[in-house]
Amino acid sequence: MQTVYAKGIYQTPQAFLEENFNGHTFTQKTIWLNKENKQAISGILQHQPQFIRVKYWSLGTKSAWILDEIGKEKAITVGIIIDQLSIQKLKVLTFRESRGWEVKHDFFTHQFSGLKLNDQQQLSETVNGISGATLSVRALKKMARVALYLNNHRGQ
Amino acid sequence: MFHTSFKKILFFSLTGLLVSTPSVALTLEELAKRLDKLEQQNTFLLQENKNLKEMVGLTNEKAETAIAASEALADSTHGIQKLANWADKTTLGGYGELHYNNLSGKGAAADKDQVDFHRFVLFFGHEFTDSIRFFSELELEHSLSGDGKNGEVELEQAYIDFDLNDQHTARAGLFLLPVGIINETHEPPTFYGTERNPIEKNIIPATWWAAGTGLHGELGAGFSYAAYIHSGLSVDSGFNIRSGRQKVSKAEANDLAATARLKYTGVAGLELSVSAQHQEDMGQGLVPGLESGHLIETHAIWSTGPFTLKALYAAWDINGSAIEAVGADKQRGFYLEPSYRVSEKFGVFARFNQWDNKAGSNSGAAANSEKEQWDIGINYWPHEDVVIKADYQYQSNDDNNEQNGLNIGLGYQF
Numbered sequence: 018m019q020t021v022y023a024k025g026i027y028q029t030p031q032a033f034l035e036e037n038f039n040g041h042t043f044t045q046k047t048i049w050l051n052k053e054n055k056q057a058i059s060g061i062l063q064h065q066p067q068f069i070r071v072k073y074w075s076l077g078t079k080s081a082w083i084l085d086e087i088g089k090e091k092a093i094t095v096g097i098i099i100d101q102l103s104i105q106k107l108k109v110l111t112f113r114e115s116r117g118w119e120v121k122h123d124f125f126t127h128q129f130s131g132l133k134l135n136d137q138q139q140l141s142e143t144v145n146g147i148s149g150a151t152l153s154v155r156a157l158k159k160m161a162r163v164a165l166y167l168n169n170h171r172g173q
Numbered sequence: 005m006f007h008t009s010f011k012k013i014l015f016f017s018l019t020g021l022l023v024s025t026p027s028v029a030l031t032l033e034e035l036a037k038r039l040d041k042l043e044q045q046n047t048f049l050l051q052e053n054k055n056l057k058e059m060v061g062l063t064n065e066k067a068e069t070a071i072a073a074s075e076a077l078a079d080s081t082h083g084i085q086k087l088a089n090w091a092d093k094t095t096l097g098g099y100g101e102l103h104y105n106n107l108s109g110k111g112a113a114a115d116k117d118q119v120d121f122h123r124f125v126l127f128f129g130h131e132f133t134d135s136i137r138f139f140s141e142l143e144l145e146h147s148l149s150g151d152g153k154n155g156e157v158e159l160e161q162a163y164i165d166f167d168l169n170d171q172h173t174a175r176a177g178l179f180l181l182p183v184g185i186i187n188e189t190h191e192p193p194t195f196y197g198t199e200r201n202p203i204e205k206n207i208i209p210a211t212w213w214a215a216g217t218g219l220h221g222e223l224g225a226g227f228s229y230a231a232y233i234h235s236g237l238s239v240d241s242g243f244n245i246r247s248g249r250q251k252v253s254k255a256e257a258n259d260l261a262a263t264a265r266l267k268y269t270g271v272a273g274l275e276l277s278v279s280a281q282h283q284e285d286m287g288q289g290l291v292p293g294l295e296s297g298h299l300i301e302t303h304a305i306w307s308t309g310p311f312t313l314k315a316l317y318a319a320w321d322i323n324g325s326a327i328e329a330v331g332a333d334k335q336r337g338f339y340l341e342p343s344y345r346v347s348e349k350f351g352v353f354a355r356f357n358q359w360d361n362k363a364g365s366n367s368g369a370a371a372n373s374e375k376e377q378w379d380i381g382i383n384y385w386p387h388e389d390v391v392i393k394a395d396y397q398y399q400s401n402d403d404n405n406e407q408n409g410l411n412i413g414l415g416y417q418f
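Protein chains in written order, with the numbering used here: chain G, 18 to 173; chain C, 5 to 418.
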């Protein structure tokens with residue numbers, strides 16, 4: 018886990034977790050990808066996932082997810098807090114692409130708050146994009162869907 | 005009598021059987037032996053259980069280590085381009101588009117019935133350090149280049165960005181000018197219509213690149229900027245802006261140009277942008293009666309839910325007696341493009357374009373120079389990076405020379 022700030026890092030995952038769990042002790046858990054999960058996540062990402070398990074943190078009804086996805090060339094890291102079935106907060110932790118930086122701003126990420134997955138495994142509301150940042154927007158939407166999907170399956 | 009004798013016989017037989025059964029005859033010594041044996045077995049099982057638990061623990065540790073290693077390996081070998089350390093810093097991408105046009109000519113306009121691999125583009129980028137990056141775009145247009153061939157091989161971008169801090173970056177080299185919507189972002193899956201819109205072809209001569217240097221970055225509150233000094237156009241006595249692009253090929257550089265853009269993207273779904281360019285001599289001192297010129301371009305993009313509306317206006321104002329004489333001193337156009345994303349895979353659009361490359365006069369050759377074109381069509385994305393397009397174009401030009409018909413395209417990006 019990143020602990021030091023480097024270029025393009027806006028918050029470390031550790032700081033993100035501490036901020037969002039208000040200093041409470043949270044439990045780290047792991048969800049393994051079975052065949053069904055892997056297939057569903059490949060469908061969301063439009064490519065095979067690069068991981069075979071995902072670590073997440075939970076406290077009560079809340080869970081926190083730290084995910085990576087490539088926008089155009091570089092991995093974008095987001096932290097996502099889910100309360101029960103919907104996103105409470107999505108924050109860009111690392112962004113190193115040379116274009117599409119608008120996605121790191123609150124005016125964009127605020128749109129994810131309150132979103133769930135519908136029956137088609139899509140986000141329950143439209144997230145308005147940013148022209149010129151198509152690939153970064155796409156990466157963030159994919160990560161939001163993966164986190165919600167895994168959250169829905171973590172009890173199984 | 006018979007019954008009594010039978011009962012006696014049965015009694016003695018059963019008693020004899022029971023007495024002769026060994027289990028009943030177990031001695032205490034034998035019982036102790038059996039208990040000892042059971043105790044031994046129990047100790048053995050306990051030990052075996054302990055060993056197994058230890059082995060499971062060890063296996064878990066090994067699995068954890070193996071997973072961590074495999075994840076590290078997956079991270080380090082993500083994509084072919086990351087197989088080596090050098091390659092880790094180098095990126096490869098590209099896009100392409102194949103067009104089929106079936107247009108019938110009206111007036112003096114010719115029919116157009118052709119298949120063309122319009123653009124095949126490869127991107128190469130390299131990151132020297134965290135703050136110094138190279139990016140390039142190499143394009144083959146119309147599939148075949150050479151003497152007498154239709155196509156061209158073009159180096160459209162080759163620049164180096166130097167990050168000054170988190171907000172500002174200096175750029176030098178050969179780059180796309182920050183004007184319009186498609187000049188900098190023109191991968192086929194990102195726009196509607198097989199062919200690019202006529203305003204950004206005939207007024208903004210996209211794809212428009214130049215050699216130069218300048219700055220780009222963020223200003224905060226949703227504002228960003230780009231400002232460059234660069235090689236200018238070299239418009240000839242035909243006063244066609246598009247033909248004035250020198251493509252940085254031994255370009256005349258007597259007169260440089262300056263371009264600046266201010267863009268606002270501070271609300272999700274909204275983009276507002278204004279660009280301006282000035283060039284002191286549009287003909288590089290080679291064309292009598294052609295002097296300074298400037299371009300103003302502004303556009304808005306508004307997306308809400310499945311709806312998107314794009315509107316763009318661009319206008320040239322050029323000085324010089326010769327260019328004023330033919331009305332080409334003012335060249336301008338606009339388009340409006342509403343679109344609706346029916347689903348993840350389907351979208352429909354309509355576009356109204358109006359432009360005039362001789363808007364400065366209403367007489368002579370400039371009398372009937374205004375052109376209009378309607379486009380209506382669909383995009384189908386079988387994958388988010390692959391698009392199939394079909395659209396119908398209908399022109400209504402003042403000179404009655406029109407090309408109407410169907411365009412079909414296939415595009416991709418990676």
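The beta-carbon is built from N, C-alpha and C at its ideal position, and this holds for glycine as well. On a predicted model such as this, the values are computed, not experimentally measured, just so you know.
Within-7 Å CB hit, Pro30/G to chain C = no
Using 7 Å as the limit for Cβ to Cβ distance, is Thr151/G near chain C?
-> yes
Examine the Cβ distances between the region 204-219 of chain C and the region 176-195 of chain C and report whether three or more of them are shorter than 8 Å.
-> yes
Taking the C-alpha atoms as reference points, what is the distance between Glu350/C and Phe68/G?
-> One point to set straight first is that residue 350/C is Phe, not Glu, in the sequence displayed. Using only the alpha carbons, I get a separation of about 31 Å.
Evaluate Phe6/C with the Cβ neighbour count: other Cβ atoms within 10 Å of its Cβ, from every protein chain shown; 16 or more gives buried, anything less gives exposed.
-> Residue placement at Phe6/C is flagged as unreliable, the pLDDT there being 47, under the threshold of 50; a coordinate-derived value is accordingly withheld.
Rounded to whole angstroms, how far is the Cβ of Ser238/C from the Cβ of Ala255/C, which I believe are closer than 8 Å?
-> 7 Å
Hey, is Phe125/G's beta-carbon within less than 7 Å of any beta-carbon in chain C?
-> yes
Whole angstroms is fine: what's the gap from Lys121/G's alpha carbon to Phe112/G's?
-> 7 Å
Mind checking if Ile84/C is an interface residue toward chain G, Cβ cutoff 7 Å exclusive?
-> Only weak support exists for where Ile84/C lies, its pLDDT of 47 falling under 50; the value from the coordinates is given anyway. Cβ-Cβ to chain G under 7 Å: no for Ile84/C.
What is the DSSP secondary structure of Asn46/C, reduced to helix, strand or coil?
-> helix
Three-state secondary structure (DSSP) at Glu284/C?
-> coil
For Met160/G versus Leu50/G, is the C-beta spacing smaller than 7 Å?
-> no
Specify, as a first and last residue, the run of the beta strand (DSSP E) that His172/C falls within.
-> His172 to Leu180
Assigned secondary structure, Val95/G (DSSP; H/G/I helix, E/B strand, else coil) | strand
Put Leu32/C into one of helix, strand or coil per three-state DSSP.
-> helix
Which value, in whole angstroms, describes the spacing of the CA atoms of Val278/C and Ser367/C?
-> 31 Å
Between Arg162/G and the rest of its own chain, which residues show a CB-CB distance below 8 Å, the 5 nearest in sequence each way excluded?
-> Ile61, Leu134, Gln138, Gln139 and Leu140
Verify the CB distance criterion: does Ser148/G have a CB-CB separation below 7 Å to chain C?
-> yes
Endpoints, beta strand (DSSP E) assigned at Ser108/C | Thr94 to Lys110
For Val391/C: DSSP bridge partner residues = Gly415/C
Under the three-state DSSP convention, the category Tyr166/G falls into = helix
Local Cβ density within 10 Å of Glu301/C, reported as buried at 16 or more and exposed below that | buried
Going by C-alpha distance, which of Leu276/C, Lys205/C and His387/C is nearest Ser360/C?
-> Inspection of the sequence shows that residue 360/C is occupied by Asp rather than by Ser. Taking only the C-alpha atoms, the option nearest Asp360/C is Lys205/C.
Thr143/G CB to nearest chain C CB: under 7 Å?
-> yes
Going along chain C in order, which residues have a C-beta closer than 7 Å to the C-beta of Ser59/G?
-> Residues of chain C passing the Cβ test: none, with the nearest at roughly 13 Å.
Since Glu86/G meets chain C, which of its residues come closer than 8 Å, beta carbon to beta carbon?
-> None at all; the shortest Cβ gap to chain C is about 11 Å.
Under a Cβ-count criterion, where at least 16 other Cβ atoms within 10 Å of its own Cβ denotes burial, should Phe227/C be classed as buried or exposed?
-> exposed
Measuring CB to CB, does Gly415/C end up less than 7 Å from Pro202/C?
-> no
Just tell me which of Asn405/C, Ala162/C and Ile412/C has its CA closest to the CA of Asp115/C.
-> Asn405/C
Residue burial classification, His325/C (beta-carbon count within 10 angstroms, cutoff 16) = Per the sequence shown, residue 325/C should be read as Ser rather than His. Answer is exposed; the Cβ neighbour count stays below 16.
With Gly218/C as the anchor, note down where its beta strand (DSSP E) starts and where it stops.
-> Trp213 to Gly224
For the beta strand (DSSP E) that Ala264/C lies in, which residues bound it at each end?
-> Leu260 to Tyr268
Cross-strand partners of Asn405/C (DSSP beta bridge) = Answer by DSSP bridge pairing: none, since Asn405/C is not bridged.
Just checking, does the region 54-65 of chain C make contact with the region 376-396 of chain C on the three C-beta pairs under 8 Å criterion?
-> no
Can you tell me which of the three DSSP states Lys251/C falls into?
-> coil
Based on the DSSP secondary-structure assignment, which residues constitute the bridge partners of Glu143/C?
-> Val125/C and Glu158/C
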